[in-house]
Amino acid sequence: MGEWEAGLDDEEAGAVMRTVTRQLKLWREAAGLTQAEFGAAIGYGEELVSCVERGRRIPRPEYLDAADEVLGAGGKIAAMKGDVAEARYPKKVRDVKRLEAEAVEICSYNNCVIDGLLQTEAYARAVFSSRRPQFAEEELEQRVAARLDRQEIFCAPKARPLFSFVLCEATLRRLIGGKMVMRNQLERLSEVARLRNVDLQVLPLSREENSGLGGPFRLLKLKDGAAVGLSEIQLTNRVITDPKETTVLDMRYGIIRAQALTPRESLAFIEKVLGES
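Sequence positions in the sequence shown follow UniProt numbering and run 1 to 277.
Structure below.
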């Protein structure tokens, strides 16, 4: 359970965890079980049960399922799995996920790596592993899981947003993670590019004009008509809400799309690169 250690400096996650751990303790005490007896019943050690109840560890889904069954909670404990899983991820990731859930259109330009919503698990792990100084193993796994969790937006049960991705050709040819990782990543791009609500475009290196040389950015257009820009450069993560600045990003993104290959041409280009791999 190492990668499920609680982030004690995260107030929002801390509030969720205090509620969950309080409920777990109340249910256990109501059943007349000590921490040792409860741990033995669900297949965990007394120390781990203590860590969970003190908010030092975030309980995994299987822990909550076992607790629900042993304590006869009738699904009330298991129902907390979604909230607990959300608390596992960094606040920045949770905030971005909420914005994406409110978006009717998500636009992304990247000239460094494949956009996070499009990354395979192996590619995402390779991207995070390349970071210096390195992430601890627990944090690396946490970040990979959070990135994959965000991708559920592609199969959301409610209205799905429109997606527009523009990838610089360099992101298709940079061998992040090695040849097999990149081959699987290109296959993933080929699949996503065929979705009806996705426009995926490639900006070739041969183009003389590229209005995205200032770096990657994302633009989320929300249901209420507002727009939010997201920019991540080295040690700086910036959320852009000033209408003057989001208008500039919107205009810039439109120009970048016009400079790129069409979605049909881009799919053929991706398959060409895939054939060369």
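Where is the CB? At the ideal position from N, CA and C, for every residue including glycine.
Per-residue DSSP class, three states only, for C107: If DSSP states are grouped into helix, strand and coil, C107 belongs with the strands.
query: For R252, which residues from the same chain have a beta carbon less than 7 Å from its beta carbon, with the 5 sequence-adjacent residues on both sides left out?
result: Only S211 meet the Cβ criterion.
- request: Please name the residue, chosen from V192, E53 and R56, that lies closest to E152 on a Cα-to-Cα basis.
  value: Nearest to E152 by C-alpha distance, out of V192, E53 and R56, is V192.
query: beta strand (DSSP E) containing Q151: first to last residue?
result: Careful: Q151 lies outside any beta strand (DSSP E) and carries neither H nor E.
Beta carbon of G215 nearer than 8 Å to that of I233: Going by C-beta atoms, G215 is nearer than 8 Å to I233.
- prompt: If you draw a straight line from the alpha carbon of R150 to that of K81, how long is it in whole angstroms?
  reply: Each residue's alpha carbon lies about 16 Å from the other.
message: Give me, in chain order, the residues of the same chain whose beta-carbon lies closer than 7 Å to that of A122; leave out the 5 immediate sequence neighbours on both sides.
response: The residues are G177, V181 and N184.
Residues that DSSP places opposite K221 in a beta bridge: In DSSP, K221 forms a bridge with E105 and A227.
- request: Put R143 into one of helix, strand or coil per three-state DSSP.
  value: Assigned with DSSP and collapsed to three states, R143 falls in helix.
message: Rounded to whole angstroms, what is the Cα-Cα separation between K244 and V228?
response: Rounded to the nearest whole angstrom, the CA to CA distance from K244 to V228 is 11 Å.
query: In the DSSP assignment, what are the bridge partners of I240?
result: BP columns for I240 point to G229.
- prompt: Would you call the stretch 131-146 and the stretch 154-165 touching, i.e. three or more CB-CB distances under 8 Å?
  reply: At 8 Å Cβ cutoff, the stretches do not touch.
- prompt: Is the stretch 26-46 in contact with the stretch 64-76, if contact means three or more CB pairs nearer than 8 Å?
  reply: In this structure the stretch 26-46 touches the stretch 64-76; the number of beta carbon pairs closer than 8 Å is three or more.
query: Skipping 5 residues on each side, what residues in its chain have a beta carbon closer than 7 Å to that of K179?
result: The answer, listed in chain order, is S277.
- request: To the nearest angstrom, report how far apart L99 and L219 are at their CA atoms.
  value: Rounded to the nearest angstrom, the two C-alpha atoms are 10 Å apart.
message: Just to check my reading of the structure: V166 and L203 have Cβ atoms closer than 8 Å, yes? What is that Cβ distance to the nearest angstrom?
response: That pair is a contact at about 6 Å.
- prompt: Around the Cβ of L235, are there at least 16 other Cβ atoms within 10 angstroms (buried) or fewer (exposed)?
  reply: By the 10 Å Cβ count, L235 comes out exposed.
task: Rank K76, F269, P59 and A124 by C-alpha distance to the C-alpha of L175 and give the top, closest one.
output: For L175, the closest alpha carbon among the candidates K76, F269, P59 and A124 is that of A124.
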